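Right, one structure below, let's go through it.
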Ligand SMILES: Cc1cc2nc3c(=O)[nH]c(=O)nc-3n(C[C@H](O)[C@H](O)[C@H](O)COP(=O)(O)OP(=O)(O)OC[C@H]3O[C@@H](n4cnc5c(N)ncnc54)[C@H](O)[C@@H]3O)c2cc1C
């Protein structure tokens, strides 16, 4: 059994983000009796209470604002310090730009292995086992670790947080301030889609290469608008993003965003495994595709076979009429 | 300048799911009949990044390295045809069934043996096992700075400037050479070699190095040296019970869908 778990948390505008709570949930289900959460950046010590409420037993922080702009070499040094303090059997990170970079670096420094982008992590008679999708989602692979600690990055929304325990508290400790970095961040440009963010939307309508032209996204956007600007967001397949029809920040899939809405509507998307890796956690999938043999129909609960140019405006009207 | 491109040969990731088969006893993917293995796409984009730097810097050399079986010559030749200068195959039975740790160990040893390398370019991940670790593990092993998931690279003297893709935007990270860069599809399409270049590449000899050539012990590479053990490989079950909307017109189908979604309390 993993008795000591270290969770590398992340802050969003000084608040603990949702994935950190999911990681704490995963650590708890591994049977860890000590769950240490490391938090770096402005607001870290203030975010500790939320980590305790989420199930952490100890929180290590540094409020050094230099950590806000993620640089791998600075973060890995701080997390190594957290490893010394927490002696973890398992280290959990998010499959985010932080975890993607830190997990391999930590694995090297601790001379152990890292399993990336896992959907599940479990305790199997004292051994940590991690399951991830491979071959773009065509297959799943379960790994065990030859060395300790086991390092695991977990896909967003693959794990549930614990019920928050209001008022819970625990031990706190400090992490060092940021060391010098060899990397300079010369500029950063945030390209947020206007309005509702993809990951927060309860409905996602995505368009693919089958839209044929960037204008196709207008039809998709109108459908999203009819479903409600407060709950529906627009995504895209990689093929559509690579063609420059929609911003890469809206890409859904293995190398894009993972979404788990109540309803996912895939318009003119073939359903490649790498795309489905980003949306197969949706409660209900609807596919609109002119090819009845398209792979997307293997995943969809409901489907419309037909040309999106006719079907999507008709659906937009039907939704407006039903309101 | 001497740039290295790491290139991996993989089963074609566009293999239709119906043709994708595994051997659950051996925990292996069974190569699909009639579908040739390919150079992992992110690696061809990494090659494109290196080529553009070479063209900008002038007087530079690109070595393409692949760890793999004899068949991986094809991946090497593809990058040579794109414009790389030298090919290096790291081939040894001891290298098989490894994990990211052992792959990076072998590639790092090769870069160290080359000696005068200024930058290493890898794909952001290989499209077979999707690890996304090799470039970072090499950076750690070499003690070099790294920038991952690049959509643009530029060189100003000894300073590398990398435009990186973040979840919610982009950043420009700068680091001194030598460095490791991993490249993403946002970089753009790799060039397509001309027939003449393909023929020239076909005639080039590719050097092969084994574990012994790299000073590596069989126990520290491949399956023996791995930190991760593949316990089980399986194909996830799909529900596959789609309900297709009936109707003579688009409006009828759309109304049927709205009704079905309302019935299921999704709308
Ligand atoms: C390592 C790796 C990572 C990847 N990561 C991602 C990722 O994160 N996200 C992602 O999406 N992809 C990803 N891909 C790419 C993926 O394999 C597919 O190539 C991509 O998802 C295809 O996009 P698409 O479905 O829009 O296009 P296509 O596969 O070309 O499908 C277009 C569909 O539109 C339909 N169509 C055409 N015209 C119409 C019409 N008029 N009306 C209705 N339907 C129509 C067609 O029948 C077809 O099914 C990745 C690939 C690799 C190798």
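Protein chains in written order, with my numbering: chain F, 1 to 323; chain C, 1001 to 1267.
Where a beta carbon is used, it is the ideal one built from N, C-alpha and C, also for glycine.
Quantities reported herein were computed from a predicted structural model and do not represent experimental measurements.
**OP:** At 7 Å on the CB atoms, spell out the chain F contacts of residue 1171 of chain C, in chain order.
**Re:** Those are 185, 187 and 188, listed as they occur along chain F.
**OP:** Report the option in F/121, F/296 and F/260 whose CA atom is closest to the CA atom of residue 282 of chain F.
**Re:** Of all alpha-carbon atoms in F/121, F/296 and F/260, the one lying nearest the alpha-carbon of residue 282 of chain F is that of F/260.
Original post:
Does residue 1086 of chain C get closer than 8 Å to chain F when you measure Cβ to Cβ?
Top reply: No, residue 1086 of chain C does not count as interfacial toward chain F.
**OP:** Out of C/1147, C/1231 and C/1112, state which residue places its alpha-carbon closest to the alpha-carbon of residue 1065 of chain C.
**Re:** Out of C/1147, C/1231 and C/1112, C/1112 has the C-alpha closest to the C-alpha of residue 1065 of chain C.
**OP:** Pull up the distance between the alpha-carbon of residue 326 of chain F and that of residue 78 of chain F, whole angstroms please.
**Re:** Since the displayed chain F opens at 1 and closes at 323, residue 326 of chain F lies outside it and no answer follows.
Subject >> Neighbour-count burial assignment, residue 92 of chain F, 16 or more Cβ in a 10 Å radius >> reply: The residue is buried, with at least 16 neighbouring Cβ atoms inside 10 Å.
**OP:** Measuring only between beta-carbons, confirm whether residue 275 of chain F sits less than 8 Å from chain C.
**Re:** Contacts with chain C at 8 Å (Cβ-Cβ) do not include residue 275 of chain F.
Original post:
In three-state terms, what does DSSP make of residue 133 of chain F?
Top reply: Here residue 133 of chain F sits in strand by DSSP.
Subject >> chain F within 8 Å of residue 1253 of chain C, Cβ atoms only >> reply: For residue 1253 of chain C, the answer is yes, since a Cβ of chain F falls inside 8 Å of its Cβ.
Original post:
Got a sec, what are the start and stop residues for the alpha helix (DSSP H) residue 45 of chain F sits in?
Top reply: In this chain, the alpha helix (DSSP H) harbouring residue 45 of chain F covers 44-53.
Original post:
When the cut-off is 8 Å and only beta carbons count, does residue 304 of chain F lie next to chain C?
Top reply: Answer yes: the Cβ-Cβ gap between residue 304 of chain F and chain C drops below 8 Å somewhere.
Subject >> Under the three-state DSSP convention, the category residue 116 of chain F falls into >> reply: Per DSSP, reduced to three states, the secondary structure at residue 116 of chain F is strand.
Original post:
For the stretch 287-300 of chain F, which residues have a CB atom closer than 8 Å to at least one CB atom of chain C, in sequence order?
Top reply: So the close ones are 287, 292, 295, 297, 298, 299 and 300.
**OP:** Flag residue 1141 of chain C as yes if its beta-carbon sits less than 8 Å from any beta-carbon of chain F, otherwise no.
**Re:** Cβ-Cβ to chain F under 8 Å: yes for residue 1141 of chain C.
**OP:** Taking only heavy atoms of ligand 1 into account, decide whether any of them is closer than 7 Å to the Cβ of residue 270 of chain F.
**Re:** Yes; taking the cut-off as 7 Å, the Cβ of residue 270 of chain F has a heavy atom of ligand 1 nearer than that.
Original post:
Taking Cβ-Cβ distances shorter than 7 Å, what residues in chain C pair up with residue 319 of chain F?
Top reply: Correct list: 1258.
**OP:** Please list the segments of the beta strand (DSSP E) lying wholly inside the stretch 1129-1156 of chain C, counting only runs of 3 or more residues, in order along the chain.
**Re:** Listed in chain order, the complete beta strand (DSSP E) runs (minimum 3 residues) inside the stretch 1129-1156 of chain C are 1146-1156.
**OP:** Check the Cβ-Cβ distances between residue 182 of chain F and every residue of chain C, and say whether any is below 8 Å.
**Re:** So yes, residue 182 of chain F belongs to the interface.
Original post:
Given a limit of 7 Å on CB to CB distance, which residues of the stretch 132-143 of chain F reach chain C?
Top reply: Flagged, chain order: 134, 135, 136, 138, 139, 140, 141, 142 and 143.
Original post:
What is the rounded straight-line gap between the Cα of residue 216 of chain F and the Cα of residue 205 of chain F?
Top reply: Looking at the two C-alpha atoms, the distance is approximately 12 Å.
**OP:** Could you tell me if the beta carbon of residue 184 of chain F falls within a distance shorter than 7 Å of some heavy atom in ligand 1?
**Re:** Closer than 7 Å to some heavy atom of ligand 1: that does not describe the Cβ of residue 184 of chain F.
**OP:** Put residue 1176 of chain C into one of helix, strand or coil per three-state DSSP.
**Re:** The answer is strand: DSSP assigns residue 1176 of chain C an E or B state.
**OP:** Compare the C-beta of residue 1129 of chain C with all C-beta atoms of chain D and state if any pair is closer than 8 Å.
**Re:** In the structure shown, chain D does not exist; the protein chains are F and C.
Original post:
Can residue 101 of chain F be considered in contact with ligand 1, in the sense that its beta carbon sits closer than 7 Å to one or more heavy atoms?
Top reply: Relative to ligand 1, the beta carbon of residue 101 of chain F is positioned no closer than 7 Å to any heavy atom.
Original post:
Among F/86, F/173 and F/15, which has the Cα closest to the Cα of residue 42 of chain F?
Top reply: Taking only the C-alpha atoms, the option nearest residue 42 of chain F is F/15.
**OP:** Using only alpha-carbon positions, find the residue among F/23, F/136 and F/300 that is nearest to residue 1238 of chain C.
**Re:** The residue from F/23, F/136 and F/300 with its alpha-carbon nearest to that of residue 1238 of chain C is F/300.
Subject >> Alpha-carbon to alpha-carbon, residue 269 of chain F and residue 54 of chain F >> reply: About 38 Å.
**OP:** Figure out for me which residue from F/97, F/312 and F/172 has the closest Cα to the Cα of residue 47 of chain F.
**Re:** When each option's Cα is compared against that of residue 47 of chain F, the closest is F/172.
Original post:
Taking C-alpha atoms, which residue in F/90, F/88, F/112 and F/89 lies nearest to residue 1099 of chain C?
Top reply: Per the Cα distances, F/112.
Original post:
Quick one: is residue 1041 of chain C near chain F, going by C-beta distance under 8 Å?
Top reply: Taking Cβ atoms only, chain F never reaches closer than 8 Å to residue 1041 of chain C, which makes this a no.
Subject >> Cα-Cα separation, residue 273 of chain F to residue 1166 of chain C >> reply: Spanning the two alpha carbons is a distance of roughly 22 Å.
Original post:
Under 7 Å from any heavy atom of ligand 1, does the C-beta of residue 1086 of chain C make it?
Top reply: No, the Cβ of residue 1086 of chain C stays beyond 7 Å of every heavy atom of ligand 1.
Subject >> Any non-hydrogen atom of ligand 1 closer than 7 Å to residue 1267 of chain C Cβ >> reply: The answer is no for residue 1267 of chain C.
**OP:** Return yes when at least one heavy atom of ligand 1 lies under 7 Å from the C-beta of residue 1050 of chain C, else no.
**Re:** No, Cβ of residue 1050 of chain C sits at least 7 Å from all heavy atoms of ligand 1.
**OP:** Check whether the Cβ atoms of residue 1150 of chain C and residue 1049 of chain C sit closer than 8 Å, and answer yes or no.
**Re:** With respect to residue 1049 of chain C, residue 1150 of chain C sits close: the two C-beta atoms are nearer than 8 Å.
**OP:** With a threshold of 7 Å, establish whether the CB of residue 1197 of chain C neighbours any heavy atom of ligand 1.
**Re:** No, the Cβ of residue 1197 of chain C stays beyond 7 Å of every heavy atom of ligand 1.
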